[in-house]
Structure formats: C-alpha cells, structure tokens
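Undergrad: Each step along the sequence shown adds one to the number in full-length UniProt numbering, with nothing skipped, and position 15 is 15.
Backbone N, C-alpha and C fix where the C-beta goes; we use that ideal spot for every residue, glycine too.
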Amino acid sequence: MISNAYSYDLTVLHEHDVHVTAGAKQAIDVLITALAVPGANILLPRPGYPAYEAIATFNRLEMRHYDLLPEQD
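#1: Hey, L44 and E53 are a contact pair by Cβ (cut 8 Å); roughly how many whole angstroms apart?
#2: What are the start and end residues of each continuous beta strand (DSSP E) run of 3 or more residues lying completely inside the segment 39-65, in chain order?
#3: Can you tell me where the alpha helix (DSSP H) with A22 in it begins and where it stops?
#4: DSSP state of D9, grouped into three classes?
#5: Can you tell me whether I55 is buried or exposed, with buried defined as 16 or more other CB within 10 angstroms of its CB?
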C-alpha cells in the first residue's frame, strides 16, 4: 500500500490520505478543484503553464500573476 510505504517516524498515513493521479497536471487540477471557492483568487506564475489558467477559469477563480523573470535595470 502506498500509505504504508510513506508512513515513517511520527507520520502515519492512512488510505484516505492518499490520492493517486495519472500525473502532475491531473494532481494540480484535483488539488485546485478540491480547494477552490468561487470568487477566491489564485496566484499564478507568468510565464506559466497554460492549463493553470484554464483550471482557474473553470473553477471561477480570480487570477493574479507574478513574474518569474522580472525586468532588470
């Protein structure tokens, strides 16, 4: 079991603590959808992966951006 493999020291995981996805994009989609409250805002990188904006739009989130490559003087 995945939960057993990652349980160690004081951290004990149970089956309901683990959500298996087909990849990172799906994991981000599931996470944002689970935590999204319509009208809330989400901070996204610019430039960024276009699917993030699609997920935010689908969940009716206000998008705010930050620059990964700020202009230099």
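TA: Reading from the atomic positions:
#1: The residue given as residue 44 occupies position 44 in the sequence shown. The residue given as residue 53 occupies position 53 in the sequence shown. Contact holds; Cβ gap of about 7 Å.
#2: 41-46
#3: Reading the sequence shown from its first residue, position 22 is the one you call residue 22. Counting along the chain, A22 falls outside any alpha helix (DSSP H), and DSSP gives it neither H nor E.
#4: Taking the first residue of the sequence shown as 1, we reach residue 9 at position 9. Note: D9 maps to coil in three-state DSSP.
#5: Numbered from 1 along the sequence shown, position 55 holds the residue referred to as residue 55. Per the 10 Å Cβ criterion, buried.
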